[in-house]
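Heads up: the sequence shown at position 48 corresponds to 48 in the numbering used here, and the numbers run straight through without jumps.
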Amino acid sequence: MTKVAYIESDGTRRDVDVEEGESLMDGALDNLVPGIDGDCGGVCACATCHVHVDPEWLDKLPPMDATEDAMLELTDDRNENSRLCCQIKASPELDGIIVHTPTGQH
């Protein structure tokens, strides 16, 4: 299991154990984390699983591909830490990762 800390837009922290190989989006949905909608089911087609990753974790993530980058262009509050959590798989290297949910998903 990979421990993931989801920080909601109001500052509430939810620590969740996510099965290795499962996406952080699925982990959030399975545990009813507010702010992660996952409307497309995790196929990188909607950007409703947008998160801001704490900077110290960014270099541990796989590179962003062109599809994810294009989807993030649709969000209102993209920044240099933005990722779609459907594209991040739980792994031992990510144990303890911290992600922040934006105010709203579009």
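Just so you know, even glycine gets a beta-carbon here, dropped at the ideal spot from N, CA and C.
Pairwise C-alpha distance: GLY41 and LEU74: CA-CA distance, LEU74 to GLY41, rounds to 17 Å.
Short CB-CB distance (under 8 Å) between PRO55 and chain C: Annotation note: the requested chain C is absent from the structure, which comprises a single protein chain.
Output needed for ARG13: all residues of its chain with C-beta closer than 8 Å, excluding positions within five of it in sequence on either side, in chain order. Cβ-Cβ distances below 8 Å link ARG13 to ALA5, TYR6 and ILE7 in the same chain, with the five nearest sequence neighbours on each side left out; the list follows chain order.
Taking DSSP as the reference, what is the three-state secondary structure of ASP15? The answer is strand: DSSP assigns ASP15 an E or B state.
Looking at the secondary structure, which residues open and close the beta strand (DSSP E) in which ALA5 lies? Residues 2–7.
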